[in-house]
Every structure is written in C-alpha cells, then in structure tokens.
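So the sequence shown is numbered by full-length UniProt numbering: it starts at 1 and just counts up by one. All C-beta atoms, glycine included, are put in the ideal place defined by N, C-alpha and C.
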Amino acid sequence: MTKSRYHHLAWLHGVEVLEASFTNETFGRHSHEGFAIGAIAEGVAGYDFRGERTLLPPGTLSLMNPEEPHNGFSPTSLLRYNMIYASEGAVHQILGLRKLHGFPAVAPEDRSMLVSQALARLAGVLNQPQELNWKLRVEEAVHDALALCFVRYGKAQFHKAGSEASAIKLLKEKISAAVENEDEISLSTLANTVQLSKSYLIRATRRATGQTPHGLVLKARTEKAHRLLLQKVPAAEAAVASGFYDQAHLIRQYRRRYGVTPGAIIRHL
Numbered sequence: 001m002t003k004s005r006y007h008h009l010a011w012l013h014g015v016e017v018l019e020a021s022f023t024n025e026t027f028g029r030h031s032h033e034g035f036a037i038g039a040i041a042e043g044v045a046g047y048d049f050r051g052e053r054t055l056l057p058p059g060t061l062s063l064m065n066p067e068e069p070h071n072g073f074s075p076t077s078l079l080r081y082n083m084i085y086a087s088e089g090a091v092h093q094i095l096g097l098r099k100l101h102g103f104p105a106v107a108p109e110d111r112s113m114l115v116s117q118a119l120a121r122l123a124g125v126l127n128q129p130q131e132l133n134w135k136l137r138v139e140e141a142v143h144d145a146l147a148l149c150f151v152r153y154g155k156a157q158f159h160k161a162g163s164e165a166s167a168i169k170l171l172k173e174k175i176s177a178a179v180e181n182e183d184e185i186s187l188s189t190l191a192n193t194v195q196l197s198k199s200y201l202i203r204a205t206r207r208a209t210g211q212t213p214h215g216l217v218l219k220a221r222t223e224k225a226h227r228l229l230l231q232k233v234p235a236a237e238a239a240v241a242s243g244f245y246d247q248a249h250l251i252r253q254y255r256r257r258y259g260v261t262p263g264a265i266i267r268h269l
C-alpha cells in the first residue's frame, strides 16, 4: 500500500499538499487555519459537520473553509485522497483575487473530475525529480488546482485574459535567454519581467500559445537539445546541458515535439 506523503512548500506561501492513504484512521474534532481542498480517490470519507454527518465517496470533493470545526473518519478500511491546504493570504497571492467568498457546499460531486485531476497532477509533479525549473511547474500546478476549485465552487471570477502580444513576445525572449544560460526561472521573475500578475500571466500565456510558461520552457529546452544533437553532442550530455534531469526525460519531450527519439535524428546526420 502506498504511504501517505505530506509536502510543505515553504517557498510558495506555506502551501501544503497531503497525499493521504489511510487504513482505519479517525480524526478528532479540529479545524484548519486556511482552506482545505481535497478530492476522494478511493474509499469513502466522512465527517460530522454543521450538525450533520456527511459521507464522501470517490469523485466527491471536500471543501473546508478556514476555522470550520469537524471530525474525520472512514466507513471503509482504505481511504485515499489528495488535499491542498492554503491560507487565505496564500490564495490571494497565488490567484491574484481581491475577494474570496469561500465554499457554500462542503462536499460537492466533482462531475467533470477537473478538480480531482488537477489535484492528482499536482501530487504527480511533487513526486517527480526536482529538475531545473521544477518550482515553476509546481507553482503552475498549485495555481491551476486552486483556480479551478474557486471558480467552479467558490464563485470566484477572473478578468478575461487578453492577447498581450508584446508581453508574450518579451516572455519568450526571457525564457529563451534563461534556457541558453541554464538559469533557474521563477514565475515571479517572469511576471515581473512582463509586468503582469502571476495568475494573469498563466492565463494569458495559455490563451496566446496554448501552453503555460513552463510549457514554453520545456519547448525552449527541447529545441536547445535538438541544436546540440545536430552538433553531434551525445544525448546524455545534451539532456543535462538543456536542463533535463536525465536522458529519459529528454527522450520523452523530444518525441512529443519531433515525433522521433534523439537516436533517430543522430543516425541521419
């Protein structure tokens, strides 16, 4: 059985992520200082809350507002879920929202599974090797999970992203230079460069390119590796020089972009 994992992101406003895998676990009455947002993956969770007993089967979200007292239990022997804990200040900083309404429903069904999938993706990113620009990818994954949840279930509204042609051009130039120099890239640095909020930058980049800023970083790194391969640099060396944590990671990204492995390109030089 997979063990539970608890991730504390001190560099990201203290956001915490729990990958829970419990057997016959119970929790006494307690509350959380910030928002506790979770998705049930396996088993059934339950708690006594606002004078009612609530059961949460797979595909249900658990949306706790700050300082809401509740207990926790499971009528099934195994319970697995992904949960993100974020203070109100952290949510304001990450999403750029001035006002938060909180969640009116504590256990809505995630019919589209979009929030559940976003939380699962976040957990997956946190468990991958910490390559160059790993923090950028984590911050985008946290943003996406929170944004989906607060828009769909917390009545949050974002300003629609514009085309921002000049900002996107400057963003690409900044990313290209950073990849060439093997520099770490943070979302804050990119946002400051183009003078947009971090949340708006993610949304504007998606609208303009179909990718996030981290997606553009991967594209630039793959293109750099391609140039090195054409110069007959061995794939393992090209991977490291381009910021990939190993050759296998380069191969996966290279195949997605060029349709072949680096070996195929090398054989045809």
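Would residue i be called buried (16 or more neighbouring beta carbons within 10 Å of its own) or exposed?
i: Pro262; result: buried
i: Ser116; result: buried
i: Thr60; result: buried
i: Val260; result: exposed
i: His143; result: buried
i: Ser163; result: exposed
i: Phe27; result: exposed
i: Ser166; result: exposed
Between residue i and residue j, is the Cβ-Cβ spacing less than 8 Å?
i: Thr212; j: Thr222; result: no
i: Ala105; j: Tyr153; result: yes
i: Ala123; j: Asn82; result: yes
i: Ile168; j: Ala208; result: yes
i: Ala107; j: Leu146; result: no
i: Leu136; j: Gly243; result: no
For residue i, which residues in the same chain have their Cβ closer than 7 Å to its Cβ, ignoring the five residues on either side in sequence?
i: Leu78; result: Thr23, Glu42 and Gly43
i: Pro66; result: His32, Glu33, Gly34, Phe35 and Glu88
Report the CB separation of residue i from residue j in whole angstroms; it is logged as a contact under 8 Å.
i: Leu201; j: Leu190; result: 6 Å
i: Gly102; j: Lys198; result: Wrong, their Cβ atoms sit about 22 Å apart, outside the cutoff.
i: Leu250; j: Ala239; result: 4 Å
i: Glu88; j: Gly51; result: No, Glu88 and Gly51 are not in contact; Cβ-Cβ is about 25 Å, not under 8 Å.
i: Leu126; j: His7; result: 5 Å
i: Val138; j: Ala86; result: Not a contact, Cβ separation roughly 13 Å.
Which of the three DSSP states is assigned to residue i in this structure?
i: Asn82; result: strand
i: Ile40; result: strand
i: Ala20; result: strand
i: Gly243; result: coil
i: Asp183; result: coil
i: Leu63; result: strand
i: Leu100; result: coil
i: Ala45; result: strand
Quick one: what's got a C-beta closer than 6 Å to residue i's C-beta in the same chain, skipping five residues either side?
i: Asp246; result: none
i: Ile265; result: Leu229
i: Arg111; result: none
Output needed for residue i: all residues of its chain with C-beta closer than 8 Å, excluding positions within five of it in sequence on either side, in chain order.
i: Ser4; result: Leu18, Glu19, Ala20, Ser21 and Phe22
i: Glu140; result: Leu187, Ile202, Thr212, Pro213 and His214
i: Gly233; result: First, the amino acid is wrong: residue 233 is Val here, not Gly. Here the set comprises Ala241.
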